[in-house]
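For the sequence shown, the residue numbers in full-length UniProt numbering are 1 to 141. Beta carbons are placed, not taken as given, at the ideal position from N, Cα and C, and that holds for glycine. Right, one structure below, let's go through it.
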Amino acid sequence: HLLSSSYCLLLSVGKRPSFALDILLRNNMSSQPEEEKPGQSSNRAQVKDDGRDARLSFRKFAEHKMKREFKEEAIKKCEQPLKNFGQCAQESGLLVVFKCREFNRKINECMTEHNSPEKFEEFLKANQDELDKRTLRSKTA
């Protein structure tokens with residue numbers, strides 16, 4: 001931040017760099033760091049810890065892997081609409097956007113049906129044992 005402001009200042013002052021340096025030094029010395037309010041640093045630390053826990057959670061990692069598998073299953077279930085769209089796209093070339101709208105709509109409907117958040121929650125409940133096993137395996141690995 002200081003470097004960019006000093007560069008802009010030098011450009012605006014032109015051939016008088018000592019004047020620019022004087023202004024920079026005055027501004028830099030007069031700007032005091034902001035004082036933290038009581039409890040603000042602990043709030044910042046808590047937010048950081050919460051974010052860290054979410055990133056490092058073994059359960060989140062296992063859920064992420066299961067979500068990926070769930071999505072792959074949904075793609076397999078929607079294989080026929082995907083093939084139809086692919087064939088239409090090859091035949092249509094650049095006009096794919098206009099000529100293949102119906103096929104695209106069918107893909108979206110199929111994926112919405114098989115890859116919805118509600119279906120994923122059902123999948124997690126049905127595979128709770130697998131999720132627990134993966135969570136434990138991740139912790140021991």
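Here the C-alpha atom of residue 116 lies approximately 14 Å from the C-alpha atom of residue 69.
Non-local beta-carbon contacts of residue 104 in its own chain, meaning distances under 7 Å to residues more than five positions away in sequence, involve 85 in chain order. The region 58-68 makes contact with the region 116-129: 3 or more CB pairs, one atom from each, lie closer than 8 Å.
Annotation: residue 129 to residue 99 spans about 46 Å, alpha carbon to alpha carbon. Closest by C-alpha distance to residue 111, out of 79, 89, 63, 88, is 79.
Following the DSSP letters along the chain, one finds residue 57 in no alpha helix (DSSP H), marked with neither H nor E. Take residue 120, set aside five residues on each side of it, and the residues of its chain with a beta-carbon closer than 6 Å to its own are 70, in chain order.
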